[in-house]
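Single-structure report; data block below.
Residue numbers (the numbering used here): 62 to 467.
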């Protein structure tokens, strides 16, 4: 007898209902780490509109547009699961209602230090109508930057020139647990989203991080100080479920709405910790499907030393190119790249990387490449786990890229 579980693998796919089945022995002791977000109904378009039209801590987009001349809408890239189309369409409606004409509206993709997007990617994120009507630009972290101040280390704070050329500045992103900043969202869409790479290197190389926590840390304080330099900035942050539907949304001042959204995410995206660690952990990577290392870190928290972690990640494009952290040769990489042998070691026994699209580069993105075993099919996964007998303690994490343990 077997037990079958389903996890979503629908990020940026043509099929919004794409799932992967996990068929496990009925003799295993299995814990499903469900999150409250997956029990919530997604917000309707009308509910999203009301939240955007009634912001916290600052005037509405329509009011900002009445005294503005040029508008920019910043959105996150495909390394984030934010379904930006409806919020983007609603933001455009508010700008037009406030008197800004369509020829004065543009979109800007907050790539941070990731590779640029194509038209196909823009359509996945924003929809065909927006891409047909408005210019959509990729951020360039090396050029076309404006200095707006200095950070706490005395480094120039550089941000996208097109963003600063506009007086109505809007951002669309999402809030979820984050391995460096505690929770992503808020001003992080700008820093590092549309910052210069020198600026990002300055605050990331200091490593003032606090993973998966609502408490402040050096990185978050730096982001907030830099965001102050480019106000006014109207931020929209969604909270997502594992299917990448919006189950809550906050809008307005980038501090006020952010901490409101963090409160929702703490309620909706966190899981109770297991009483005992597991022999095998199955962790899905969907929302941030090309930054799957985040899911590995979450899964490891539920795993016994020496246990097997199964990473479910059916991302056909592989892991994201990161000009700050990626390798660009056998023994060198971006400014914050660390040689493999110098990286901290985990207690994971094996990482069984379940993907129909294996590639060596993705193996090396997971910090301990020597522990990675590729499995192209579910049968391959279970063959690798054939030594696990009755009573095996296992757990399933529906999406380890946007959740964490309490």
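All C-beta atoms, glycine included, are put in the ideal place defined by N, C-alpha and C.
- If you look at residue 324, you'll find it isn't in any beta strand (DSSP E); it sits in the alpha helix (DSSP H) that goes 317 to 329.
- Residue range 364 to 373 is occupied by the beta strand (DSSP E) that includes residue 366.
- Non-local C-beta neighbours of residue 317 in its own chain, meaning closer than 7 Å and more than five positions away in sequence, comprise 117, 118, ordered along the chain.
- Annotation: residue 467 to residue 327 spans about 8 Å, alpha carbon to alpha carbon.
- The C-beta distance from residue 303 to residue 347 rounds to 7 Å, short enough to meet the 8 Å contact threshold.
- Relative to residue 463, the option among 431, 439, 349 whose CA is nearest is 349.
- Assignment of residue 93 by DSSP, reduced to helix, strand and coil, places it in the strand class.
- When C-beta atoms of the region 363 to 376 are compared with those of the region 384 to 400, fewer than three pairs fall below 8 Å, so the two segments do not count as touching.
- Across the set 130, 241, 214, 452, the C-alpha of 452 shows the shortest separation from the C-alpha of residue 90.
- About 19 Å separates the beta carbon of residue 404 from that of residue 434, a gap too long to meet the 8 Å contact definition.
- Relative to the Cα of residue 110, the nearest Cα in the group 313, 386, 420 belongs to 313.
- In the displayed model, residue 401 falls within a helix according to three-state DSSP.
- Under DSSP, residue 139 takes part in no beta bridge, so it has no partner.
- When 70, 131, 88 are compared, the shortest CA-CA separation from residue 80 is found for 70.
- Residue 67 carries a strand assignment under DSSP once its states are collapsed to helix, strand and coil.
- In the structure shown, the three-state DSSP call for residue 115 is coil.
- According to the DSSP secondary-structure assignment, residue 175 is paired through a beta bridge with 383.
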